[in-house]
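Just so you know, we're using this note's numbering here: the sequence shown kicks off at 1265 and counts up by one. Structure first, then comments.
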Amino acid sequence: MWTHALGFTALPHFGGFLGWLITRKEVPTWYETLKKPSWRPPNKMFPVAWTTLYTSMGYASYLVWRDLGGFSSKAVVPLGLYGAQLALNWAWTPIFFGAHNLKLALLDILGLYGLVVGTIYSWYPINKTATALMLPYLAWLTLASYLNYCIWRDNPEKDKKKE
1265 MWTHALGFTA
1275 LPHFGGFLGW
1285 LITRKEVPTW
1295 YETLKKPSWR
1305 PPNKMFPVAW
1315 TTLYTSMGYA
1325 SYLVWRDLGG
1335 FSSKAVVPLG
1345 LYGAQLALNW
1355 AWTPIFFGAH
1365 NLKLALLDIL
1375 GLYGLVVGTI
1385 YSWYPINKTA
1395 TALMLPYLAW
1405 LTLASYLNYC
1415 IWRDNPEKDK
1425 KKE
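Written out as structure tokens, the structure is:
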């Protein structure tokens, strides 16, 4: 049913919108003061990338849900991994941009990376299209993880808000 597809596709955007509420204030102030590598993507690319990635991962989760017959016992692991990675995805923005905790954000994104790999692995036997829809997300997380690492490494004095 198209309403299920729409709901699953829209769900990841919820956390993205909440993250945007935090980043829109922090990017022009705190984030601009950080030392960043020259190869980092321009700020304008992030909302475009995340809109695309949230849409593809949301639709992919719908395909897995549909192929497993809904929230059945067979769906616990594949959709549980997906839900866990989505939670860590949504947590990263408040940690990095809200709390300015660069180290904890790095730990979060590394855990997120592992959960995404696990999600992809668990989805492969269920739906190859869903698996393929997650690959750009994994590629982006590879770049984002290294960017987070570089920012953490190069900004030890900016790690965490001053109390």
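Quick reminder that beta carbons are idealized off the backbone N, C-alpha and C, glycines included.
Inset, instruction - Please classify R1417: does DSSP put it in a helix, a strand, or coil? - result: helix
Inset, instruction - Return the chain-ordered list of same chain residues with a C-beta closer than 6 Å to the C-beta of A1269, the five sequence neighbours on each side being excluded. - result: Y1326
Inset, instruction - Report all residues from its chain with a CB closer than 6 Å to the CB of K1389; omit the five preceding and five following residues, and keep chain order. - result: Note on residue identity: the sequence assigns Pro, not Lys, to residue 1389. Same-chain partners within the cutoff: there are none.
Inset, instruction - Could you name the residues of the same chain whose beta carbon sits closer than 8 Å to that of W1416, not counting the 5 residues immediately before and after it, in chain order? - result: L1366, K1367, A1369, L1370, D1423
Inset, instruction - Out of T1273, N1412, Y1385, M1321, point me to the one whose CA is closest to T1357's CA. - result: N1412
Inset, instruction - Please report how far the alpha carbon of Y1401 lies from the alpha carbon of G1322, in whole angstroms. - result: 11 Å
Inset, instruction - Flag this pair as yes or no: are the beta carbons of A1396 and D1331 separated by less than 9 Å? - result: no
Legend entry - Length-filtered (4 minimum) alpha helix (DSSP H) runs lying within the region 1295-1359: 1309-1331, 1340-1357
Inset, instruction - Could you please give the first and the last residue of the uninterrupted alpha helix (DSSP H) stretch that includes T1287? - result: 1266-1290
Inset, instruction - Can you tell me which of L1399, L1275, P1305, V1340 puts its alpha carbon nearest to the alpha carbon of Y1410? - result: P1305
Inset, instruction - Put N1412 into one of helix, strand or coil per three-state DSSP. - result: helix
Inset, instruction - State the Cα-Cα distance for the pair F1361 and G1382, rounded to the nearest angstrom. - result: 26 Å
Inset, instruction - For the alpha helix (DSSP H) containing T1383, list its first residue and its last residue. - result: 1366-1387
Inset, instruction - Quick one: grab the DSSP three-state call for A1403. - result: helix
Inset, instruction - Could you have a look at T1293 and say whether DSSP puts it in helix, strand or coil? - result: coil
Legend entry - Pair within 9 Å by beta-carbon distance, G1271 and W1354: no
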